[in-house]
Amino acid sequence: MKIMIVVGARPNFMKAAPLIRAIQNCNGPTASALADRTERIQAVLVHTGQHYDEAMSGSFFTDLALPKPDLYLGVGSGSHAVQTGEIMRLFEQVILSERPEVVVVVGDVNSTLACALVASKVSYDGDGGRPVIAHVEAGLRSLDRSMPEEVNRVLTDHLSDLLFVTEESGVQNLLHEGISEERIHFAGNTMIDSLLASEEKADRSSILGRLGVHGNGNGANGNSAMKYALLTLHRPSNVDCRETFSNILSALDELMGAGPVFFSAHPRTRKRIAEFGLESHFDFGDRGGRNGIRILEPLGYLDFLCLMKHAAVVVTDSGGIQEETTCLGVPCVTVRENTERPVTVSKGTNVIAGTNPRKIREAIQMQMKRRGNGSVPEKWDGHAAERIIETLSTRIRKGQLESANK
Ligand code: UD1
Ligand code: UDP
């Protein structure tokens, strides 16, 4: 059985790596019990090239021990239509020549939707035969259609034959949208599989020393030997509008009293800082501006995990970081009006602050004093990818999962 796994942008790599490892484990000499129940699987890794910088793509292959992609489409950046269209054009050729039985797409980026859409319309023999489409991280909903990812999520889910869900809310959302129960699997969170598999390596990162801070030894929040805050911002709704971006930055002075603030700046955000003339808020290290938030290049996965684990508080608009902080028990302030990951609030360590500066300040104050680390959501146990590969393999072997138009 040939399973084609698609990655494109930074948050895809950590979601896909455990799937590749699960496939390798069920083929390899140290095969687990899973191997007895699955047929031999060939994994084909396709990288669309949506993200392409070493710091946004290449470094993750090393840190996550991902094999080199079998196929690299090199699409690069562009408007939504240009990027999505170019991925579709190139992926159609790939799929027709490789003819996988299954196409797995992860997350909610343009690469996710583009490849699901191609796989849903391709015809192998002119008779409508096409691969089964599996969506990993299905069912999440912010209910905010102004977010490009929400459009990608809804459409990808409705194109997919098999939907692997990370949290209970996802099951409810899909049922509510009329997707039949037998297509939905509450499998857990492969991003958390990566986190748990990488924690020991991340503990050996030298990032704390390089930044002149030190952690508390166990990663529990609040009482680090040297407190610092960690910041990431990259949502277009936050950084593409000067007024919103500047308002958010003005609220972050609340973090300053507590020690250094490190800002892993996404390329989109970095561009906007220059374009909007917001440099005075930042410390560029050797390049001047010693006051304020210390800007860092996007960090490698292991360095970032280490820095996140020892932070007193994380302020972010990232989707994945809301989940990772919940798993690590680190307080998180989400600078957005909503979240598609409600379990990080109901069970985890996340609060949704919105983008009003007063509300962000209040949320930061509250989270800095936070006691209790929340709890880790159901099935975020490091084994989601094994469950997914086993389900895929079993259902296809038994012929229970024919693609909808076969
Ligand atoms: C994309 C995803 C978003 C995800 C984010 C993760 C979509 C619609 N958005 O947003 O869901 O949260 O990735 O990081 O798919 N750039 C570089 N180098 C790179 C990649 C991008 O410089 O390697 C710059 C380019 O100027 C580009 C801009 O960043 O125009 C935005 O990249 P793009 O992939 O369009 O969207 P992201 O904001 O990264
Ligand atoms: N991440 C990283 N280095 C950084 C910032 C983030 O390795 O400097 C990781 C983070 O730990 C998580 C993923 O990137 O695993 C989240 O990606 P991002 O925030 O870009 O996208 P989103 O989750 O919002 O789609």
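Going by the numbering used here, the sequence shown opens with residue 7, and the numbers climb by one from there. Every residue, glycine too, gets a C-beta built ideally from N, C-alpha and C.
Three-state class that DSSP yields for residue i in the structure shown
i, result
"Q178", "helix"
"Y416", "The structure shown has nothing for residue 416, since the chain only spans 7 to 412."
"S399", "helix"
"K385", "coil"
"E346", "coil"
"S85", "coil"
"Q48", "strand"
"T54", "coil"
"F251", "helix"
"F97", "helix"
"S152", "coil"
"K8", "strand"
"L236", "strand"
"N356", "strand"
"H115", "Residue 115 is actually Val in this sequence, not His. In the structure shown, V115 sits in coil (DSSP, three-state: anything other than H, G, I, E or B)."
"L334", "helix"
"T322", "strand"
"D289", "strand"
"V341", "coil"
"K404", "coil"
"G215", "helix"
"L202", "helix"
"S144", "According to the sequence displayed, residue 144 carries Ala and not Ser. Reduced to three states, the DSSP call for A144 is strand."
"I26", "helix"
"R376", "coil"
"P17", "helix"
"S166", "coil"
"S186", "coil"
"R241", "coil"
Residue j beta carbon less than 8 Å from that of residue i
i, j, result
"L70", "V13", "no"
"V338", "T361", "Here the sequence assigns Cys to residue 338, which means Val is not the residue at that position. No, they are not a contact pair."
"L308", "A208", "yes"
"A23", "L72", "yes"
"T90", "T162", "no"
"L168", "V138", "yes"
"V336", "M314", "yes"
"K21", "E143", "yes"
"I47", "S352", "no"
"R300", "F268", "yes"
"G134", "L180", "no"
"I370", "L261", "yes"
"T345", "I358", "yes"
"D59", "P273", "yes"
"H389", "D131", "no"
"A28", "P304", "no"
"H53", "L25", "no"
"V128", "I101", "yes"
Of the residues the options, the one placed nearest residue i, counting alpha carbons only
i, options, result
"Y234", "E92, I395, R377 and L258", "L258"
"A140", "L123, R147 and S148", "L123"
"A193", "G184, E205 and S175", "S175"
"I366", "P383, E343 and V351", "E343"
"S126", "L217, V336, Q178 and E98", "E98"
"V111", "V357, V171, Y58 and L102", "V171"
"K375", "L201, T355, R403 and C32", "T355"
"G215", "Q89, L398 and C312", "C312"
"T275", "V245, Q30 and D114", "V245"
"T196", "V157, E329 and P304", "E329"
"C435", "L77, G64, V349 and A87", "Outside the shown range of the chain, which is 7 to 412, sits residue 435, and nothing can be said about it."
"H86", "A28, A120, G145 and Q30", "A120"
"D289", "I198, I93 and S270", "S270"
"T287", "S256, G82 and E260", "It is His, not Thr, that sits at residue 287 in the sequence shown. Nearest option by C-alpha distance: S256."
"E205", "P154, F310 and V382", "F310"
"E173", "A203, D387 and A264", "D387"
"P154", "S381, G325 and I395", "G325"
"V219", "M94, A264, T397 and K404", "A264"
"T331", "L284, N379 and G291", "N379"
"P383", "R347, F66 and G306", "R347"
"F19", "F67, C32, N31 and N33", "F67"
"P266", "R248, A280 and H316", "H316"
"V157", "N116, I190 and S166", "N116"
"R364", "V341, L77, S381 and A280", "V341"
(message) Tell me whether the segment 104-121 and the segment 9-17 touch, counting them as touching only if at least three CB pairs, one residue from each stretch, are closer than 8 Å.
(response) As far as the Cβ criterion goes, the segment 104-121 touches the segment 9-17, which means the pair count is three or higher.
(request) May I have all residues whose beta carbon comes closer than 5 Å to any heavy atom of ligand 2, sorted in chain order? (result) Result (chain order): R16, P17, M20, S270, P304, L305, Y307, F310, S324, G325 and G326.
(message) Between the segment 312-322 and the segment 145-162, can you find at least three pairs of beta-carbon atoms closer than 8 Å?
(response) As far as the Cβ criterion goes, the segment 145-162 does not touch the segment 312-322, which means the pair count is below three.
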